[in-house]
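Structure first, commentary second.
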Amino acid sequence: MRLPERQLAVLEAASATDERTIDEIADDAGLKPETATGAAFDLRDGGLLAVTETTGTVAEPTGEGRDYVTDGLPETRLYRAAVDAGADGKPIAMGDVIGGAALEGPEVDIALANFPRKEFGTIDGGEVAVDPDAEPDADPEAAALDALVDGDTSEEVDDGTDGDVDDAVLDRLASRGLVDLAERTTRTVRLTDAGVDALMEGVEAAETVDRLTPELLASGEWRDVEFAEYNVEADAPAVGGGRKHVLRRTADRVKDVLVGMGFQEMEGPHADGDFWINDCLFMPQDHPARTHWDRFALDVPPIDGIPATLIRRVESAHRDGWGEHGDGYHSPWSETFAREVALRGHTTSLSMRYLSGYAGAELDPPQRYFSVEKVYRNDTLDPTHLLEFFQIEGWVMAEDLSVRDLMGTFKQFYRQFGITDIRFKPHYNPYTEPSFELFGKHPETGEEIEIGNSGIFREEVTGPLGVDCDVMAWGLALERLAMLITGAADIRDLHGTLADIEFLRNAEVSH
Ligand code: PHE
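First residue of the sequence shown: 113, per the working numbering; consecutive thereafter.
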């Protein structure tokens with residue numbers, strides 16, 4: 113029998129009596145593991161080798177875990193320092209013990225959290241007392257960590273072949289960041305009877321060629337050589353190439369969808385005059401959202417270049433109202449405040465700039481404009497709030513628009529992301545009437561999350577801008593859309609320092 117060299121090497125390295133791992137085989141045969149895997153599958157297809165696959169959890173100690181193997185776990189160091197200080201007799205002030213334990217930075221907190229958990233003793237009122245029955249030498253976490261670092265335990269823990277590291281202990285070590293757990297498929301091989309027979313009868317190595325070169329083509333040699341076959345099932349090393357961030361990919365798709373729906377893109381300043389951010393929107397100057405609690409005011413010179421006539425019209429809407437039945441706020445209105453500059457809390461400032469005609473937009477109806485841009489709010493960080501996030505702003509200008517047009521637009525928009533179950537809730541905005549909020553259901557948690565706010569601009573908004581037909585408008589949250597389509601349950605998984613790099617590597621922009 114003739115076999116390609118690499119297959120012959122694997123066949124010779126395999127045993128008829130023992131399961132051998134691909135890594136062992138690759139070592140013996142002098143092949144890369146992925147080459148040995150490919151050859152093993154070819155031999156299996158030829159009936160000469162049996163390949164068994166097991167999936168297990170592999171635990172790999174982290175740098176911090178390795179440090180503790182050398183220095184001792186922080187809680188154990190605290191225990192020993194406490195014993196040295198005499199805390200096995202009576203409680204000793206923490207300050208007298210910490211020094212002896214040589215704990216640095218976060219290690220103090222780590223020690224304080226784990227010491228009582230492991231029942232090494234108690235920490236009460238700044239004093240530490242040691243439990244005389246504690247046995248830090250028999251600590252399963254320390255033992256498991258030692259064993260993993262020494263490599264004297266099989267790292268597979270979930271395949272039933274190895275009982276010496278307990279799952280709960282490993283989970284604890286993983287949650288402490290001392291080991292990384294990863295799923296891994298291990299392949300083992302064994303010679304079949306046919307494989308043994310073949311070896312006994314003698315196998316010759318056939319030289320194979322794994323790539324077609326210009327030389328082979330020019331010489332015509334390609335006609336006679338034996339080509340190695342590709343094996344698409346073989347494990348290959350993971351290549352972590354560059355990739356567009358999931359949020360940027362979502363933003364790009366949103367832009368594509370809106371352009372496809374006939375919208376043009378708006379652009380404008382992140383730091384803008386309050387006039388564009390709030391006053392044009394008929395937001396009273398004493399509205400709570402306009403205080404320093406909510407907005408990021410900038411200490412820069414006031415904005416100029418706002419047309420004087422527009423300022424007068426907006427002021428008049430605020431003071432006296434707009435239209436036949438209009439009634440303003442009858443409250444003070446200050447042009448100085450209107451000219452102050454802040455980071456925009458919504459991109460509706462862009463809609464105002466465009467609808468006013470001063471941004472050069474086309475304004476004969478019907479018109480559609482959008483932006484996917486960053487906004488800034490002094491919110492409290494939580495799973496659904498960031499201090500800066502992206503808003504999908506948009507407006508449609510046409511004669512006789514109704515809430516049904518708005519709903520239809522959203523249905524059409526979200527459907528293109530596979531979201532068909534959005535819900536609407538009546539809402540209040542000082543600048544739209546009627547108004548409603550949009551909700552979507554999170555695919556993983558099942559929770560209903562707010563994904564946007566919308567409405568039809570009031571006459572007090574469109575009138576001063578000089579617009580005399582209907583304008584429906586909205587601000588949708590890009591991050592929330594990304595949560596719905598990627599399944600991320602916490603907005604901070606998507607971006608910021610806590611974002612999970614594995615998630616970012618693998619997340620798809622569809623769900
Ligand atoms: N500016 C609103 C927000 O940030 C969104 C919105 C825009 C609502 C336009 C109605 C009309 O929540």
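Ideal Cβ placement from N, Cα and C applies to all residues, glycine included.
Nearer than 6 angstroms: is that true of the beta carbon of ALA589 relative to any heavy atom of ligand 1? The residue labelled residue 589 in the question sits at position 477 within the sequence shown. No, Cβ of ALA589 sits at least 6 angstroms from all heavy atoms of ligand 1.
Looking at the strands, I want to know which residues DSSP matches up with PHE501. Here the question's residue 501 lines up with position 389 in the sequence shown. Looking at the DSSP output, PHE501 sits in a beta bridge with VAL487.
Could you give the distance in angstroms between the alpha-carbon of GLU319 and the alpha-carbon of GLY263? The residue labelled residue 319 in the question sits at position 207 within the sequence shown. The residue labelled residue 263 in the question sits at position 151 within the sequence shown. The straight-line gap from Cα to Cα measures roughly 38 angstroms.
Three CB pairs or more closer than 8 angstroms across the region 392–409 and the region 540–549: With a cut-off of 8 angstroms on Cβ pairs, the region 392–409 is in contact with the region 540–549, counting three or more such pairs.
Residues of its chain near PHE502, where Cβ-Cβ distance is below 8 angstroms and the 5 sequence neighbours each way are ignored: For this step, residue 502 is matched to residue 390 along the sequence shown. The residues are LEU359, ALA363, VAL484, GLU485, LYS486, VAL487, ALA589, LEU590, GLU591.
Return yes when the Cβ of TYR466 is within less than 7 angstroms of the Cβ of MET373, no when it is not. The residue you call residue 373 lines up with position 261 of the sequence shown. The residue you call residue 466 lines up with position 354 of the sequence shown. Cβ atoms of MET373 and TYR466: not closer than 7 angstroms.
Cβ of SER443 versus every heavy atom of ligand 2: is any distance shorter than 6 angstroms? Within the structure as shown, ligand 2 is missing, the only ligands being ligand 1.
ARG431 and GLY385: beta carbons closer than 7 angstroms? Residue 431 sits at position 319 when you count from the first residue of the sequence shown. Residue 385 sits at position 273 when you count from the first residue of the sequence shown. Taking 7 angstroms as the Cβ cut-off, ARG431 and GLY385 do not qualify as a contacting pair.
Count the C-beta pairs between the region 275–286 and the region 124–139 that are closer than 8 angstroms, then say yes if the count reaches three, no if not. No: the two stretches stay apart, fewer than three of their Cβ pairs being nearer than 8 angstroms.
Rounding to the nearest angstrom, what Cα-Cα distance links VAL269 and LEU290 in this structure? Counting from one through the sequence shown, the residue named residue 269 turns up at place 157. Counting from one through the sequence shown, the residue named residue 290 turns up at place 178. Note that VAL269 scores a pLDDT of 44, beneath 50, so its modelled location is shaky; the value from the coordinates is reported in the next line. Here the C-alpha atom of VAL269 lies approximately 16 angstroms from the C-alpha atom of LEU290.
Which class does TRP405 belong to by DSSP, given the choice of helix, strand or coil? For the purposes of this step, residue 405 is taken as the residue at position 293 of the sequence shown. In this structure, TRP405 counts as coil in the three-state DSSP scheme.
Compute every distance between the C-beta of THR567 and the non-hydrogen atoms of ligand 1, then say whether any falls below 6 angstroms. Residue 567 sits at position 455 when you count from the first residue of the sequence shown. Residue 567 is actually Gly in this sequence, not Thr. The answer is yes for GLY567.
Just grab the DSSP bridge partners of HIS442 for me. Stepping through the sequence shown from its first residue, residue 442 is reached at position 330. Under DSSP, HIS442 forms no beta bridge with any residue.
GLU267 versus ALA600: straight-line alpha-carbon distance, rounded: Within the sequence shown, residue 267 is the residue found at index 155, counting from 1. Within the sequence shown, residue 600 is the residue found at index 488, counting from 1. A caution first: GLU267 carries a pLDDT of 48, below 50, which makes its placement in the model unreliable, though a value can still be read off. CA-CA distance, GLU267 to ALA600, rounds to 30 angstroms.
Can VAL301 and VAL163 be called in contact, C-beta distance under 7 angstroms? Sequence index remark: in the sequence shown, residue 301 carries index 189 (1-based). Sequence index remark: in the sequence shown, residue 163 carries index 51 (1-based). Contact annotation: VAL301 and VAL163 have beta-carbon atoms nearer than 7 angstroms.
Per-residue DSSP class, three states only, for TYR191: As a position in the sequence shown, residue 191 is number 79, starting the count at 1. In the structure shown, TYR191 sits in a helix (DSSP, three-state: H, G or I).
Is any heavy atom of ligand 1 found at a distance shorter than 6 angstroms from the C-beta of TRP388? As a working mapping, residue 388 is identified with position 276 in the sequence shown. Judged by the Cβ position, TRP388 fails to qualify as a neighbour of ligand 1 at the 6 angstroms threshold, every heavy atom of the ligand being at least this far.
What does the alpha-carbon distance come out to for the pair LEU455 and LEU224? Position 343 of the sequence shown, counting from 1, holds the residue named residue 455. Position 112 of the sequence shown, counting from 1, holds the residue named residue 224. Their Cα atoms are separated by approximately 42 angstroms.
Can you tell me where the beta strand (DSSP E) holding TYR540 begins and where it ends? Here residue 540 refers to the residue found at position 428 when the sequence shown is read from its first residue. 535–541 is the extent of the beta strand (DSSP E) around TYR540.
Start-to-end residues for the alpha helix (DSSP H) that takes in TRP434: The count along the sequence shown starts at 1 and reaches residue 434 at position 322. Judged by DSSP secondary structure, TRP434 falls outside any alpha helix (DSSP H); it is assigned neither H nor E.
Neighbour-count burial assignment, ASP251, 16 or more Cβ in a 10 Å radius: As a first step, residue 251 is located in the sequence shown; it is residue number 139 there, counting from the start. Buried, by the Cβ-count rule.
Quick one: what does DSSP say MET464 is sitting in, helix, strand or coil? Taking the first residue of the sequence shown as 1, we reach residue 464 at position 352. The answer is helix: DSSP assigns MET464 an H, G or I state.
Do TRP405 and ligand 1 come close, with the Cβ less than 6 angstroms from some heavy atom? Here residue 405 corresponds to residue number 293 of the sequence shown, with the count starting at 1. Not one heavy atom of ligand 1 sits closer than 6 angstroms to the Cβ of TRP405.
Pull up the CB-CB distance for MET584 and LEU513, whole angstroms please, since I reckon it's below 8 angstroms. The residue you call residue 584 lines up with position 472 of the sequence shown. The residue you call residue 513 lines up with position 401 of the sequence shown. The Cβ separation is near 5 angstroms, so the contact holds.
Please name the residue in THR182, THR234, LYS230 whose C-alpha comes closest to that of ILE204. What you label residue 204 is simply residue 92 of the sequence shown in a count that begins at 1. Proximity to ILE204 across THR182, THR234, LYS230 peaks at THR234, based on C-alpha coordinates.
With a cut-off of 8 angstroms, do at least 3 Cβ pairs link the region 149–166 to the region 302–318? Here the region 149–166 lies against the region 302–318, with 3 or more beta-carbon pairs under 8 angstroms apart.
Would you report the Cα separation of LEU190 and ALA213, rounded to the nearest angstrom? As a working mapping, residue 190 is identified with position 78 in the sequence shown. As a working mapping, residue 213 is identified with position 101 in the sequence shown. Spanning the two alpha carbons is a distance of roughly 5 angstroms.
Less than 7 angstroms separating the beta-carbons of GLU187 and PHE227? Counting from one through the sequence shown, the residue named residue 187 turns up at place 75. Counting from one through the sequence shown, the residue named residue 227 turns up at place 115. Yes, these two residues count as a Cβ contact at 7 angstroms.
Which class does PHE482 belong to by DSSP, given the choice of helix, strand or coil? Working through the sequence shown from its first residue, we reach residue 482 at position 370. Strand, per DSSP.
For ASP605, which residues of its own chain have a beta-carbon under 8 angstroms away from its beta-carbon, when the five flanking residues on both sides are left out? As a working note, residue 605 is residue 493 in the sequence shown. The residues are ALA611, ASP612, PHE615.
For HIS623, does the three-state DSSP call read helix, strand or coil? As a first step, residue 623 is located in the sequence shown; it is residue number 511 there, counting from the start. Residue placement at HIS623 cannot be trusted, given a pLDDT of 43 that sits under 50; the coordinates are not used to answer.
How should ASP245 be labelled, buried or exposed, when 16 other C-beta atoms within 10 angstroms of its C-beta is the threshold for buried? On the sequence shown, residue 245 is found 133 positions in, with the first residue counted as 1. Burial check for ASP245: the Cβ neighbour count within 10 Å stays below 16, so the residue is exposed.
Please report the Cβ distance between GLU295 and THR167, rounded to the nearest whole angstrom; I am assuming they are in contact, meaning their Cβ atoms lie under 8 angstroms. Position 183 of the sequence shown, counted from the first residue, corresponds to residue 295. Position 55 of the sequence shown, counted from the first residue, corresponds to residue 167. Indeed, because the Cβ distance is near 6 angstroms, the residues count as touching under 8 angstroms.
Between THR521 and ligand 1, is the CB less than 6 angstroms from at least one heavy atom? Looking up residue 521 in the sequence shown gives position 409. Look at THR521: its beta carbon is at least 6 angstroms from all of the heavy atoms in ligand 1.
7 angstroms Cβ cutoff met for THR169 and LEU293: Sequence index remark: in the sequence shown, residue 169 carries index 57 (1-based). Sequence index remark: in the sequence shown, residue 293 carries index 181 (1-based). Pairing THR169 with LEU293 gives a Cβ-Cβ distance under 7 angstroms.
Give the range of the beta strand (DSSP E) segment to which VAL583 is assigned. Walking along the sequence shown from the start, residue 583 turns up at place 471. For VAL583, the enclosing beta strand (DSSP E) begins and ends at 582–589.
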